[in-house]
Amino acid sequence: MISYIAATILPLIIGWILDRIFGDPERLPHPVVWFGKIIAVGERALNRGRWRTVKGGLWALFCILSVFFITDLILSVSVISPMYLFANFGMEHSETAQFIKSAGITPNETFKSFPLLIPYIAVSSILIFYCLAGTTLAKEVRNTFKAVDRSLEEGRIQVGRIVGRNTSKLDKQEIRTAALETLAENLSDGVIAPLFWYFLLGVPGMMAYKMVNTLDSMIGYKTERYKKFGCVAARIDDIANYVPARLTALLMTATLIFPYIRKHSARKANELLRFIATYGPKHASPNSGWPEAALAGILNCRFGGSHVYFGEMVYKPFIGNNNRELSTDDMEFSLKITRTAETIMIISVIILNLIPVLIL
0 MISYIAATIL PLIIGWILDR IFGDPERLPH PVVWFGKIIA VGERALNRGR WRTVKGGLWA
60 LFCILSVFFI TDLILSVSVI SPMYLFANFG MEHSETAQFI KSAGITPNET FKSFPLLIPY
120 IAVSSILIFY CLAGTTLAKE VRNTFKAVDR SLEEGRIQVG RIVGRNTSKL DKQEIRTAAL
180 ETLAENLSDG VIAPLFWYFL LGVPGMMAYK MVNTLDSMIG YKTERYKKFG CVAARIDDIA
240 NYVPARLTAL LMTATLIFPY IRKHSARKAN ELLRFIATYG PKHASPNSGW PEAALAGILN
300 CRFGGSHVYF GEMVYKPFIG NNNRELSTDD MEFSLKITRT AETIMIISVI ILNLIPVLIL
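In this text, residue positions in the sequence shown follow numbering that gives the first Met the number 0: the first is 0, and each later residue adds one.
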């Protein structure tokens, strides 16, 4: 029981705490950066000539499956290597090696021995830490509001760090709106979805999801360059985010049970659910509209609208109809909502992982 908890729940808690404290470490190598470089190499080599859809789809599947199995291999090595390093490589007379041999521990039984799980816990915690992106985006959104309060040009530059649209002609309201839209969408893509796939497929599933998300962010656009090569990657991303996006909207609704959220919300829970059901499906994306609708409903504001991406105008319908001015208070309240929803999700995953232990 202790080893099961150590292998499944402890890395999740450690990884989440690390994200809350540090966010994405800018000075350290990040898997998503590596993913991006790998994707770019394939795109430059394959996105030409005939069969672009097929080549793009095969490349996307190769990247996703490779990340899944390589992560699984790394974790397997982190479990097996401590045992054999002690038992078979010059430490056969150590107390640990003698314990391993006398106990007859095999790789399949390693999870029963907590000390041998320490490398696995460490590696898993670090990978989970890299997969969660709640803290960094919260920082970027806060910096965007501060920047636009100083000057329009600073706001455009800062929001350009977190959105894919052309920001050179955005006004102050559009900058603030873009930042909060991204905050809502990133709660799904950067926090809830990774945790969802962690619950289903463990750390390998979490890492594979990050590759899916990176593929979509790089080549999943309906522009002339990517509409064929990236269409399969975009559909895979739609599938991977289908449940998490709707779950994110429900979690944001669930935050209304807390007085510090409920007293500032523009809508009660039942009204918010109707708002989400009305506006969530209207988004150009099958998934992005759900968390955006949840946040727009709580704030009683308007998201959406058409913008330029990679030099091409992309139409997006409006979510909500109250085009009011957004303020720093709205931003801080939005951060409370997303952080609370994130905490509810973490606790839920922990409880769901404890069920097998409680049953057995």
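By construction, the Cβ of each residue, glycine as well, lies at the ideal position given by its N, Cα and C atoms.
Contact the region 233-244 vs the region 186-195: 3+ CB pairs below 8 Å: yes
DSSP beta-bridge partners of M312: Here residue 312 refers to the residue found at position 313 when the sequence shown is read from its first residue. In the DSSP output, where bridge partners are listed per residue, M312 has V307.
DSSP three-state assignment for H29, whether helix, strand or coil: In the sequence shown, residue 29 corresponds to position 30, counting from 1. Here H29 sits in coil by DSSP.
Three-state class that DSSP yields for A5 in the structure shown: Mapped onto the sequence shown, residue 5 falls at position 6. Of the three classes helix, strand and coil, the one that applies to A5 here is helix, per DSSP.
Range covered by the alpha helix (DSSP H) that runs through N240: In the sequence shown, the residue the question calls residue 240 occupies position 241. That run of the alpha helix (DSSP H) goes C230 to A253.
Three-state class that DSSP yields for I13 in the structure shown: Counting from 1 along the sequence shown, the entry for residue 13 is found at position 14. Of the three classes helix, strand and coil, the one that applies to I13 here is helix, per DSSP.
Inter-stretch contact (C-beta, 8 Å, three-pair minimum) for the region 122-140 and the region 16-30: yes
Separation of G319 from K281, as counted between CA atoms: Within the sequence shown, residue 281 is the residue found at index 282, counting from 1. Within the sequence shown, residue 319 is the residue found at index 320, counting from 1. Roughly 10 Å between the two C-alpha positions.
Contacts around L351, its chain only, beta-carbon distance under 8 Å, and the 5 residues preceding and following it disregarded: Indexing the sequence shown from 1 puts residue 351 at position 352. Correct list, in chain order: F198.
F302 (DSSP reduced to helix, strand or coil): Numbered from its first residue, the sequence shown carries residue 302 at position 303. Three-state DSSP puts F302 in a strand.
6 Å Cβ shell around T8 - same chain, five flanking residues per side excluded: In the sequence shown, residue 8 corresponds to position 9, counting from 1. Reading off the sequence, residue 8 comes out as Ile, not Thr. Only I349 and N352 meet the Cβ criterion.
Supposed contact pair I260 and K335 - C-beta distance, whole angstroms, cut 8 Å: In the sequence shown, the residue the question calls residue 335 occupies position 336. In the sequence shown, the residue the question calls residue 260 occupies position 261. With a Cβ gap of about 7 Å, K335 and I260 count as contacting.
E139 classed as buried or exposed, judged by whether at least 16 other C-beta atoms fall within 10 angstroms: Stepping through the sequence shown from its first residue, residue 139 is reached at position 140. Under this definition E139 is a buried residue.
Distance CB(A146)-CB(G154) smaller than 8 Å: Residue numbering aside, residue 146 sits at position 147 when the sequence shown is read from its first letter. Residue numbering aside, residue 154 sits at position 155 when the sequence shown is read from its first letter. In this structure, G154 lies closer than 8 Å to A146 by Cβ.
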